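What follows is a single structure, written as structure tokens, with notes after it.
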Amino acid sequence: MRKNRREFNNQTQQMKNKNIFLILILFSICSLAFSQELPKDSLYGNVKKVKEKVLFLTKTENPKLFYDDADYGHSGFMGPESTIKRFYDTWYSTNFCYYLNYERHFNTKRKIIKDIWYGKNNDFMESYRYLYDEKDRLISKIDSLKYSVDIENHYFKEYGEYVDESILYENLRLNLFSHDYKKYKNGKIIIQKNFDNEGTLYEYVNNYNDNGKLSYVTFKNPNSWKKSGENSWGYGVQDSIGVTYKSLINEYDKNNKLIKTQKFDLYSDENYKNPVKTSESIFKYDGNNLMTQINSSRGYQPLTYVHYKYDKKGNLTEKYCCDEDISKAKIIEKYFYKNDKIVTLNYSEESFNSQKNDNYNISYSYKFDNNKNWVEITKTVNGVDLFKWVREIEYY
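Residue numbering for the sequence shown follows the numbering used here, starting at 9 and increasing by one per position.
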């Protein structure tokens, strides 16, 4: 699907540092998998504006792989939602945290109308403006950097149970243009087409089961493999046919819970012929609670297991990664709650050097305003206050 300039740069950098990625893959699986089991952040009242920022109370700051990494770490600023999600996930599931510094403006319907993002010295990084139609659908997004502007406009056409959405992206300074198209049926995307800057079409067809769950995705890939020499192959647009295959397959149980998801990709085939399975996840439940997630990935041989435990309210209380045997877990998270807020995390992680677990006792202390919204959270690690997450809230 379409990638903006930041996502493309991030992916390029990640490919250059593939070895580092492989070292960290276990941590990524365990710390980010099913983070939705943690309590969602709340914001009560008729909020007009929120300013959030992380303060580093010691010399310990957000993790960086290299000394010259930017303020938001090695992967950089990834856009508003991805950056916020990464921060929230690691804040409550590790002994460290990433950086955050932005202000967000809402209209009276709690729709985001403006985001402004800053660096550690409160220097301007990027801003976003959002416009909506009378049905509260996004019709325009303006992404402004210091020297460049991305414009994204949405156009809708309705006919019966169907809706067509065309999305046009342009950056005049960089001479970039792309076009996305989505067809909806009863609110679900059934077709998505992505035209890149060179006009190449990538088409996805979503197929749903009788219960409205996504069953599989058919991908019309314009790229294919072609032999370019005696011992070399080229991957790209070779003709107007391309290759069509299922890029995603989901399986559900009788209660319509997802029990298996598989992803397929043509580029990963070392034989340069057919799409191959690149990843698979299996989910096991006890009632409504996910108990075990088993992940496999092409090019990474060991299966990884993530085990979950819950309290009577359904709150996540324990998480173990990455062995089938819980007693051999490399990462352990144990949560304790008060008034539905996480107040303590006992975190254990295997050291790459010693192969022994390092243990951290992490506590969270909160301050609230008159609307019961938190305005300050201090994260204390092994008795030392390391990070403070603060926010200013303005109401209508």
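Ideal placement from N, C-alpha and C gives every residue a C-beta, glycine not left out. Given the structure is predicted, the values throughout are model-derived calculations rather than measurements.
query: Per DSSP, ASP393 forms a beta bridge with which residues?; result: THR388
query: Pick out whichever of TRP397, GLU402, TYR403 has its Cα sitting closest to the Cα of PHE64.; result: TRP397
query: Any idea if ILE249 is buried or exposed, counting beta-carbon neighbours within 10 angstroms, 16 or more meaning buried?; result: exposed
query: Could you tell me whether the stretch 151-170 touches the stretch 122-137, where touching means 3 or more Cβ pairs closer than 8 Å?; result: yes
query: Please state if the CB of ASN323 and the CB of LEU311 are separated by a distance shorter than 8 Å.; result: no
query: Below 8 Å, can you find three or more Cβ-Cβ pairs linking the stretch 273-285 to the stretch 236-253?; result: yes
query: Specify whether the stretch 215-232 and the stretch 178-188 touch according to this definition: at least 3 beta carbon pairs, one from each stretch, less than 8 Å apart.; result: no
query: My assumption, with CB atoms under 8 Å, is that LYS190 sits in contact with ARG399. Please give the rounded CB distance.; result: That pair is no contact at about 34 Å.
query: Just grab the DSSP bridge partners of ARG137 for me.; result: LYS122, ILE150
query: Could you give the first and the last residue of the continuous beta strand (DSSP E) run that contains GLU326?; result: 324-330
query: Helix, strand or coil for ILE197, going by three-state DSSP, please let me know.; result: strand
query: Can you find the residues in the same chain that come closer than 7 Å, C-beta to C-beta, to ASP144, ignoring five residues on each side of it along the sequence?; result: LYS117, LYS119
query: LEU394 and THR98: beta carbons closer than 8 Å?; result: no
query: Ignore the nearest five residues each way along the sequence and tell me which others in ASN367's own chain have a CB closer than 6 Å to its CB.; result: SER356
query: With H, G and I counted as helix, E and B as strand and the rest as coil, what does DSSP make of PHE104?; result: coil
query: Nearest to LYS317 by alpha carbon, out of CYS105, TYR374, CYS329?; result: CYS329
query: Using a Cβ-Cβ cutoff of less than 6 Å, which residues in the same chain neighbour ASP158 once the five nearest sequence positions on both sides are dropped?; result: ASP151, ASN179
query: When you compare only the Cα positions, how much space is there between TYR275 and SER232?; result: 8 Å
query: Just to check my reading of the structure: PHE114 and VAL55 have Cβ atoms closer than 8 Å, yes? What is that Cβ distance to the nearest angstrom?; result: 6 Å
query: Could you work out which residue in ASP333, GLY220, GLN200 is closest to GLU211 when comparing CA atoms only?; result: GLN200
query: From which residue to which residue does the beta strand (DSSP E) around THR312 run?; result: 308-318
query: Put ASP49 into one of helix, strand or coil per three-state DSSP.; result: coil
query: Could you please give the first and the last residue of the uninterrupted alpha helix (DSSP H) stretch that includes SER90?; result: 88-99
query: Give a yes or no on whether the C-beta atoms belonging to LYS268 and ILE290 are separated by under 8 Å.; result: yes
query: Please report the residue range of the beta strand (DSSP E) in which ILE257 lies.; result: 251-260
query: Short of 6 Å in beta carbon distance, which residues of its chain neighbour SER373, apart from the five on each side in sequence? Order them along the chain.; result: THR386
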